């Protein structure tokens, strides 16, 4: 096999390894297969286990041609045959094979030379790469087959890694939604319950003592406003800016700015010399900062809150009422402390919470990079 082909394959494998989205990985693989095999058309199919393809990605076909061919093919004929066995298939004329039957739309280009290579992971065929029509008019050969088999082996690893990445992200989303559900229950729900009680009290006092009823109605208004502020903060957390696109420093600045507007609380932020972190690490740091800020805003009754992100150190300081971090009642009421510690442990960082009654609280996160 030519040295140039190996160099190209090496570049392709490195490029595929850098992708995390399944669809991006599949498109990169099929484009690379077409290039390595010097084919006019290439496709990659992932079966759904029910006689159809969950994904069928093509390369070399225009959008107009794909649209003209109509719905995706099913897993029969030569396409399905490549999913039944881990063995590749090479032929000069696909139409002469007895398995060539079934799906063939009128708009489909004519094809003769064909190379099909299954993608095998842990002994199971999870997909297949299909090449057809050699660019120079010749036929696919054993060298092409060996090269695409190597690509398919790396493709299996890349596809599984991308799937694991997506599952991990989905789990993170579920965990975050559970956390936000707790936030809603602990803050907004309580405030709305207070609104209900105050409204009922005002209704009872309306005829008997209008002045006291007015006080209760004022309380209804205040509680409703506070609940709206809490909801705005929760909505912001449900729609975070992109850490990968904007970086931790920018996203943290935006978060602090929203908190300033929503709560009216003075929050002083200083960010400098922040290294480029992985998306996973940046997400954990952001969530710890959000949790520490949330605790300071909800519980500290502080006049000033400071946030510092310098290098690999995050510090959130408030001059509020303080508390005993080791107290069991605090652990029961402030689930955020446990959550922050778990996040720090997951990324190998150290988290320190120092607090003193009447003095305030300092949360320090030290990253181990």
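In UniProt numbering, the protein residues as written are 1 to 369. From the three backbone atoms N, C-alpha and C, an ideal C-beta is built for every residue, glycine too. Computed from a predicted model, the values in this text were never measured in an experiment.
Residues in the same chain with beta-carbon distance under 6 Å from residue i, minus the five sequence neighbours each way, listed in chain order, please.
i           : result
residue 360 : 318, 319, 320 and 322
residue 130 : 43 and 116
residue 378 : No information on residue 378 is available, as it lies outside the stretch 1 to 369 that the chain covers here.
residue 370 : Look at the range of the chain in this structure, 1 to 369, and you will see that residue 370 is not part of it.
Which partner residues of residue i appear in the DSSP bridge assignment?
i           : result
residue 348 : Answer by DSSP bridge pairing: none, since residue 348 is not bridged.
residue 56  : 45
residue 74  : 52
Any heavy atom of the ligand ZN closer than 8 Å to the Cβ of residue i?
i           : result
residue 350 : Of ligands this structure carries none, so the ligand ZN is not represented either.
From what residue to what residue does the alpha helix (DSSP H) around residue i run?
i           : result
residue 283 : 279–299
residue 126 : No alpha helix (DSSP H) holds residue 126; the beta strand (DSSP E) holding it covers 124–134.
residue 89  : Premise fails: residue 89 lies in the beta strand (DSSP E), 89–91, not in any alpha helix (DSSP H).
residue 50  : Note, residue 50: premise wrong, no alpha helix (DSSP H); not H, not E.
residue 256 : 248–263
residue 79  : 77–81
residue 63  : 63–69
Quick one, which of the options has its alpha-carbon nearest residue i's?
i           : options               : result
residue 159 : 259, 127, 272 and 253 : 127
residue 371 : 81, 95 and 153        : Because the chain in this structure spans residues 1 to 369, residue 371 falls outside the shown range and cannot be described.
residue 363 : 314, 93 and 79        : 314
residue 76  : 95, 86, 100 and 66    : 100
residue 341 : 285, 298 and 311      : 285
residue 78  : 266, 118 and 58       : 118
residue 48  : 73, 221 and 143       : 73
residue 227 : 212, 162 and 194      : 194
residue 303 : 58, 109 and 263       : 263
residue 265 : 166, 254, 247 and 296 : 296
residue 338 : 292, 356 and 208      : 292
Tell me where the beta strand (DSSP E) around residue i begins and ends.
i           : result
residue 454 : Nothing can be reported for residue 454: it is not among the residues displayed for the chain, which extend from 1 to 369.
residue 32  : Looking at the DSSP string, residue 32 is not in any beta strand (DSSP E); the run it does join, the alpha helix (DSSP H), is 22–36.
residue 308 : 305–310
residue 449 : Nothing in the structure corresponds to residue 449, since the chain is present only between 1 and 369.
residue 269 : 267–272
residue 314 : 313–318
Assign residue i to one of three DSSP states: helix, strand, or coil.
i           : result
residue 216 : helix
residue 332 : Confidence in residue 332 is poor, its pLDDT being 45 and thus under 50, which makes the residue's placement unreliable; the coordinate value appears in the next sentence. Reduced to three states, the DSSP call for residue 332 is helix.
residue 116 : strand
residue 353 : strand
residue 444 : Any question about residue 444 goes unanswered here, given that the chain covers just 1 to 369.
residue 227 : helix
residue 121 : strand
residue 39  : strand
residue 211 : helix
residue 340 : helix
residue 239 : For residue 239, the predicted structure reports a pLDDT of 48, less than 50, and the residue's modelled location is therefore unreliable. The matter cannot be settled from this model.
residue 202 : helix
residue 326 : coil
residue 168 : helix
residue 9   : helix
residue 144 : helix
Excluding the 5 residues preceding and the 5 following residue i in the sequence, name in chain order all residues of the same chain whose CB lies nearer than 7 Å to its CB.
i           : result
residue 349 : 365, 366, 367 and 368
residue 272 : 310
residue 301 : 320 and 321
residue 113 : 92, 132, 133, 134, 139 and 140
residue 287 : 343
residue 205 : 212, 213 and 216
Near residue i, which residues of its chain fall below 8 Å by C-beta distance, leaving aside the five closest residues on each side in sequence?
i          : result
residue 83 : 45, 47, 75, 118, 125, 127 and 128
residue 94 : 78, 100, 111, 112, 113, 114 and 132
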